[in-house]
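Worksheet: the structure to be examined is printed underneath.
There are 2 protein chains.
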Amino acid sequence: MEGFFQRYLSLYRPLITRMNELMSTYELSYSLWQVIFYIKNNGPSTLIDIANNYNVEKPTITRRVHRLEELQMVKQIPGMDRREKVIQLTEAGEGIYQACRKKITALENSVMAGIANDEQMITFQTLPKIQENIMRGGGSKSE
Amino acid sequence: MEGFFQRYLSLYRPLITRMNELMSTYELSYSLWQVIFYIKNNGPSTLIDIANNYNVEKPTITRRVHRLEELQMVKQIPGMDRREKVIQLTEAGEGIYQACRKKITALENSVMAGIANDEQMITFQTLPKIQENIMRGGGSKSE
DNA sequence: TGGTAATAGTTATCCATGGTAACTATTTAA
DNA sequence: TTAAATAGTTACCATGGATAACTATTACCA
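Here's what the structure looks like:
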């Protein structure tokens, strides 16, 4: 499958740029969206939960959450451990989640124009398999 | 196709990290590799050629080429216009291209483990269609 | 021919993201 | 009760890309 990475990677910038434009109305970027998305779909969460989910380091999530707090899309609620910072969506955050979800879904659809349904499905199912393979293949750390 | 972007994007970091590790032996990263790759496949080229091909701005390519010159993988040859800087691979650059090409192809293969051939092909063909749709969809600039 | 466009490239500066190392505060365990 | 583990933060650095303003050269054209 020579040339696959090139095809995969050359899609990245246009896509992420488009997403960021889409969300700029709400002062969000894709990286911030990820946090909102996670909390919405997994309930109030700790920074560690989020960091583990996205395979990024803690300070990265600390920063994202702080920005979201400034934007008042997210707030801290008491956990059962004074170390933990349990993060939840605010009302505003909920609203913005809905609005962005709609926009993103619309873009997801428009981007599939002219592509057969089964081709969409196969691509949809293949990407996570590739990710599995890469992550199993062992980064320089763990494994 | 809700959730498609998430699947696409969550593959990005592991992949690019893996690529960068792969090439770190030669002090290359994927962004530098792109330049080498382009020159190898299109012959001696100007910065403008390269920038246009990858849809990035000129200064971005200026920097990449300068790094490659430092690494002596690339050199300047006279063009037919004293404004132009025509860039070519050096012998060393050729060698490193070959070495990286092999490594990348091997990774491309290993990453497809357990994925049926036709699924690979469909994914391979679908990605550029999606890219087309995104780029046609008009960034905030042109169109 | 002389002067204005356009073109290729560079420099300086800024922004967005993410990583690492070293730290605090709290909790667990021995 | 002290040592280790855990959650989070802070400070700092690296990468990669964008913009704006600049130089040098070439094209155009009146």
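If you read the protein sequences in the order shown, they are chains A and B. Numbering follows the working numbering, with no gaps: position 65 of the first sequence is 65. Numbering follows the working numbering, with no gaps: position 89 of the second sequence is 1089. In this text, a Cβ means the ideal position worked out from N, Cα and C, and glycines have one as well.
According to DSSP, is residue i helix, strand or coil?
{"i": "Lys-1085 (chain B)", "result": "coil"}
{"i": "Gln-76 (chain A)", "result": "strand"}
{"i": "Ser-1029 (chain B)", "result": "coil"}
{"i": "Thr-123 (chain A)", "result": "helix"}
State yes or no: is the beta carbon of residue i nearer than 8 Å to at least one beta carbon in chain A?
{"i": "Phe-1088 (chain B)", "result": "Note that residue 1088 (chain B) is Gln in the sequence shown here, rather than Phe. Answer no: the Cβ-Cβ gap between Gln-1088 (chain B) and chain A never drops below 8 Å."}
{"i": "Ile-1134 (chain B)", "result": "yes"}
{"i": "Ser-1031 (chain B)", "result": "no"}
{"i": "Glu-1069 (chain B)", "result": "no"}
Taking the alpha-carbon of residue i as reference, which of the options has the nearest alpha-carbon?
{"i": "Glu-27 (chain A)", "options": "A:Glu-69, A:Tyr-54, A:Leu-47, A:Lys-40", "result": "A:Glu-69"}
{"i": "Ala-1099 (chain B)", "options": "B:Asp-1081, B:Met-1073, B:Met-1121", "result": "B:Met-1073"}
{"i": "Lys-85 (chain A)", "options": "A:Ala-92, A:Gly-93, A:Ala-51", "result": "A:Ala-51"}
{"i": "Thr-90 (chain A)", "options": "A:Lys-40, A:Met-1, A:Glu-132", "result": "A:Lys-40"}
{"i": "Ile-77 (chain A)", "options": "A:Arg-67, A:Leu-71, A:Thr-46", "result": "A:Thr-46"}
{"i": "Ile-134 (chain A)", "options": "B:Tyr-1012, B:Val-1035, B:Ala-1116", "result": "B:Tyr-1012"}
Could you check whether the Cβ of residue i sits closer than 7 Å to any heavy atom belonging to the ligand SAM?
{"i": "Gln-6 (chain A)", "result": "This structure does not include the ligand SAM; it has no bound ligands of any sort."}
What span of residues does the alpha helix (DSSP H) with residue i cover, start to end?
{"i": "Ser-1010 (chain B)", "result": "1004-1010"}
{"i": "Ala-116 (chain A)", "result": "Run containing Ala-116 (chain A): none; DSSP gives neither H nor E here."}
{"i": "Gly-93 (chain A)", "result": "91-110"}
Using a Cβ-Cβ distance cut-off of 8 Å, determine whether residue i contacts chain B.
{"i": "Ala-106 (chain A)", "result": "no"}
{"i": "Ala-113 (chain A)", "result": "yes"}
{"i": "Tyr-97 (chain A)", "result": "no"}
{"i": "Lys-129 (chain A)", "result": "yes"}
{"i": "Gln-76 (chain A)", "result": "no"}
{"i": "Arg-64 (chain A)", "result": "no"}
{"i": "Tyr-72 (chain A)", "result": "The sequence given here has Gln at residue 72 (chain A), not Tyr. False, the Cβ-Cβ gap to chain B never drops below 8 Å."}
Original post:
Of the residues that make up the region 1036-1062 of chain B, which ones have a beta carbon closer than 9 Å to any beta carbon in chain A?
Top reply: Along the region 1036-1062 of chain B, going in chain order, the ones with a CB nearer than 9 Å to a CB of chain A are Phe-1037, Tyr-1054, Asn-1055, Val-1056.
Original post:
Quick one, which residues of the region 14-28 of chain A are near chain B if we go by CB-CB under 8 Å, in chain order?
Top reply: In summary, the residues of the region 14-28 of chain A whose CB is separated from some CB of chain B by less than 8 Å are Pro-14, Leu-15, Ile-16, Thr-17, Arg-18, Met-19, Glu-21, in the order they occur in the chain.
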